[in-house]
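Protein chains: 2
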Amino acid sequence: MEIKILQAPDITARLQEQLTPLYHQLNDQLRQLSLSEIMEKAPQTDIVVAIENEELVGIAMMAKYKVISGHKGMIEDVVVSKDHRGKGIGRKLMEKLLEKAETENLDDVLLFSGHHRTAAITLYKSLGFQLKESGLYIKKYS
Amino acid sequence: MEIKILQAPDITARLQEQLTPLYHQLNDQLRQLSLSEIMEKAPQTDIVVAIENEELVGIAMMAKYKVISGHKGMIEDVVVSKDHRGKGIGRKLMEKLLEKAETENLDDVLLFSGHHRTAAITLYKSLGFQLKESGLYIKKYS
Numbered sequence: 039m040e041i042k043i044l045q046a047p048d049i050t051a052r053l054q055e056q057l058t059p060l061y062h063q064l065n066d067q068l069r070q071l072s073l074s075e076i077m078e079k080a081p082q083t084d085i086v087v088a089i090e091n092e093e094l095v096g097i098a099m100m101a102k103y104k105v106i107s108g109h110k111g112m113i114e115d116v117v118v119s120k121d122h123r124g125k126g127i128g129r130k131l132m133e134k135l136l137e138k139a140e141t142e143n144l145d146d147v148l149l150f151s152g153h154h155r156t157a158a159i160t161l162y163k164s165l166g167f168q169l170k171e172s173g174l175y176i177k178k179y180s
Numbered sequence: 039m040e041i042k043i044l045q046a047p048d049i050t051a052r053l054q055e056q057l058t059p060l061y062h063q064l065n066d067q068l069r070q071l072s073l074s075e076i077m078e079k080a081p082q083t084d085i086v087v088a089i090e091n092e093e094l095v096g097i098a099m100m101a102k103y104k105v106i107s108g109h110k111g112m113i114e115d116v117v118v119s120k121d122h123r124g125k126g127i128g129r130k131l132m133e134k135l136l137e138k139a140e141t142e143n144l145d146d147v148l149l150f151s152g153h154h155r156t157a158a159i160t161l162y163k164s165l166g167f168q169l170k171e172s173g174l175y176i177k178k179y180s
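Quick note, the sequences are listed as chains B and G, same order.
Positions in the first sequence are counted from 1; adding 38 to them yields the numbering used here.
Positions in the second sequence are counted from 1; adding 38 to them yields the numbering used here.
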C-alpha cells in the first residue's frame with residue numbers, strides 16, 4: 039500500500055478514471071471537479087472592506103478553494119467596528135462577498151458561527167444560509 | 039460608505055494599521071496574518087491517495103487558505119473504497135495530511151462530518167480533532 043501526496047505528474051488520465059467511481063461511493067449525485075482543476079493555482083481570498091471618511095470600519099473575507107465536491111468559499115473574519123454596528127455594514131460586506139461567489143460560480147459558500155452569536159446568525163439566515171447537520175471539528179497547532 | 043473588494047494596490051500600510059485594532063475587537067489573542075500574506079498566491083489543495091496494486095483505494099484532500107485568523111487547512115472528500123475499509127487506510131490518509139499541516143505550520147486544521155458518521159468521528163478525535171461549539175452554515179448555488 040502506497041500513501042502519497044499527489045504531485046502534478048501523478049495526475050494521469052488513469053488515476054482520474056479510477057477516482058470518479060471511487061468518489062461516487064461517497065456521493066453519487068455531485069458534479070465532481072477533476073484533479074487537475076483542483077490543483078490549479080488561483081487567487082485565493084477575497085477581502086471586502088467598508089471605509090467611511092477614510093476610516094476602516096468593517097472587513098470580511100472569503101477564502102476560495104477547490105476540492106472534488108466543488109469550488110467553495112469559506113467566509114471568515116467578519117468584523118464591524120463597535121461604533122458602527124446596527125447600520126447594516128455586516129450585511130453589505132456579506133452581500134459583496136456573495137456577489138463575488140455568484141460571479142465566480144462557486145458551488146457552496148460556508149461559514150461557521152458560535153451558537154451564541156444570534157444577531158450574526160439571523161443575518162446569515164436572511165442571506166440564504168442554512169445550518170448544516172454536521173459538526174465542525176478543529177485541530178489547533180498554535 | 040464605500041464597500042469594496044480589495045485589489046493588490048489597496049493594501050497600504052495605513053489600511054493594515056487600521057485593521058489590527060479593528061480585528062482585535064473580534065479576537066485580541068490571535069496572531070494576525072497580514073493582508074499581503076493573505077493575498078499571496080499559493081498552491082492550494084494537497085491531495086493524498088492510497089494505491090494498492092495499482093488500484094486507487096482511497097483519497098483525501100486538504101484545501102489550505104489564509105485569512106486574518108490564520109493559515110488553515112480544510113479537510114474534505116475523504117473516501118476509502120468499500121472493499122478496503124477497516125484496514126486503517128482512512129487513518130493513514132489523514133496522518134499524511136496532518137504531517138503536511140505540521141510541515142507548513144498551519145494554525146488550524148478543520149473538517150466537518152455528519153453527526154451520524156460515528157466511525158469517522160472516532161477516528162478524527164483520536165487524531166486530535168475536537169468538536170467546535172459552532173454551527174456550520176451553508177449557502178448552496180448548485
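Backbone N, C-alpha and C fix where the C-beta goes; we use that ideal spot for every residue, glycine too.
Nothing here was measured: the structure is a model prediction, and the numbers come from that model.
Can the beta-carbon of B/L136 be found less than 8 Å from the beta-carbon of B/V147?
-> yes
Quick one: is B/L161 near chain G, going by C-beta distance under 8 Å?
-> no
Can you give me the start and stop residues for the alpha helix (DSSP H) that G/Y61 sits inside?
-> A51 to H62
Name the two residues that bound the continuous alpha helix (DSSP H) containing B/L131.
-> I127 to T141
Please go through the same chain and pick out, in chain order, the residues whose beta-carbon is closer than 8 Å to the beta-carbon of B/R28, but skip the five residues on each side of it.
-> In the structure as shown, chain B starts at 39 and stops at 180, and residue 28 of chain B therefore has no counterpart that could be examined.
Verify the CB distance criterion: does B/D66 have a CB-CB separation below 8 Å to chain G?
-> no
Which whole runs of the beta strand (DSSP E) in the segment 66-107 of chain B are 3 residues long or more, in chain order?
-> 83-90 and 93-105
Of all the options B/G126, B/K170, B/A139 and B/G166, which has the alpha carbon lying nearest to the alpha carbon of B/K110?
-> B/A139
On a CA-only basis, which of G/A98, G/K42 and G/K134 is nearest B/E90? Give me that one, please.
-> G/K42
Start and end of the beta strand (DSSP E) containing B/Y175?
-> S172 to K178
Which residue comes first and which comes last in the alpha helix (DSSP H) that contains B/S119?
-> It is not in any alpha helix (DSSP H) - B/S119 carries neither H nor E in the DSSP assignment.
Does DSSP put G/D146 in a helix, in a strand, or in coil?
-> strand
Contact with chain B by G/S180, beta-carbon distance below 8 Å = yes
If the cut is a Cβ gap below 9 Å, which residues of chain B does G/S164 touch?
-> In chain order: nothing, as chain B lies at least about 11 Å away.
Taking G/A157 as part of the alpha helix (DSSP H), name the residues at either end of that continuous run.
-> T156 to S164
Could you tell me how far apart the beta carbons of B/I97 and B/L149 are, in whole angstroms, since I believe they sit closer than 8 Å?
-> Not quite, the Cβ-Cβ distance comes to about 15 Å (not below 8 Å), so this is no contact.
Name the chain B residues that come within less than 7 Å of G/S72, Cβ to Cβ?
-> Residues of chain B passing the Cβ test: none, with the nearest at roughly 11 Å.
Please list the partners that G/M77 has in chain B, where partner means a Cβ-to-Cβ separation under 9 Å.
-> P81, Q82, T83 and I85
Would you tell me roughly how many angstroms separate the C-alpha atoms of G/D66 and B/V118, rounded to the nearest one?
-> 14 Å
Nearest neighbour of G/A88, chosen from B/L44, B/G128 and B/L165 [CA to CA] | B/L44
Excluding the five sequence neighbours on either side, which residues of its own chain have a C-beta within less than 6 Å of the C-beta of B/H122, listed in chain order?
-> V95
Within chain G, partners of B/E90 - CB distance below 8 Å | M39 and E40
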